[in-house]
Amino acid sequence: MGVIFDTSEIITLERNRGQIEEIVLEREDELFGISVITVAELLHGVERADTETRKIKRQAFVEKVIEFFPVYSVDVTVARIYARLWASLAQKNLTVGAHDLIIAATAMALNYTVITSNLRDYKKIEGLKIEEKN
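Quick note: the sequence shown uses this note's numbering, first residue 111, plus one each step.
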């Protein structure tokens, strides 16, 4: 069993000035990682920093995240799951942001659980294992 950390978890850690290793405390026996989409979202935050000082701090944090976490890419298996989930949600007139849907599809391809503090979209995805963090 493994876990994919949602971007919200990484951002919470940064805002609380935590150490990257803290996020996996008591989970050392599990496989873990992040989606390449999370990397893109974190880098987007770097680019949107309102001061040069904040940008440098964010960049350093994101680089540590990229070094520490295995990063899972979008491959054909993830794309197939993504398409299936997207179509299923559309048939129910439900929407989930594309980034969250890709993170979910990545987790499902690996049979991992998504750890998030934001259930709004993830709870709409049938068959996705979710663990909420506060």
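Ideal Cβ placement from N, Cα and C applies to all residues, glycine included.
Checklist line | For T223, the first and last residue of its enclosing beta strand (DSSP E) | finding: Within the sequence shown, numbered from 1, the residue matching residue 223 stands at position 113. 223-226 is the span of the beta strand (DSSP E), which, as asked, contains T223.
Next item on the list: Report all residues from its chain with a CB closer than 7 Å to the CB of E136; omit the five preceding and five following residues, and keep chain order.
Entry: For this step, residue 136 is matched to residue 26 along the sequence shown. Cβ neighbours of E136 beyond the five flanking positions: none.
Check: Unbroken alpha helix (DSSP H) runs of length 4 or more, entirely within the segment 160-193: which are they?
Finding: The segment 160-193 is shown to contain whole alpha helix (DSSP H) runs of 4 or more residues at 162-178, in chain order.
Notebook entry, point to check: Excluding sequence positions up to five away, which residues of its chain have a Cβ less than 6 Å from the Cβ of L152?
Noted result: In the sequence shown, residue 152 corresponds to position 42, counting from 1. So the list reads V172, once near-sequence residues are dropped.
Item checked: Contact belief for Y182 with G143 at Cβ below 8 Å, rounded distance in angstroms -> Walking along the sequence shown from the start, residue 182 turns up at place 72. Walking along the sequence shown from the start, residue 143 turns up at place 33. The pair is a contact, with the Cβ atoms about 5 Å apart (cut-off 8 Å).
Item checked: Cβ pair E119, K234 closer than 9 Å -> Here residue 119 is taken as the residue at index 9 of the sequence shown, counted from 1. Here residue 234 is taken as the residue at index 124 of the sequence shown, counted from 1. In this structure, E119 keeps its C-beta atom at 9 Å or more from the C-beta atom of K234.
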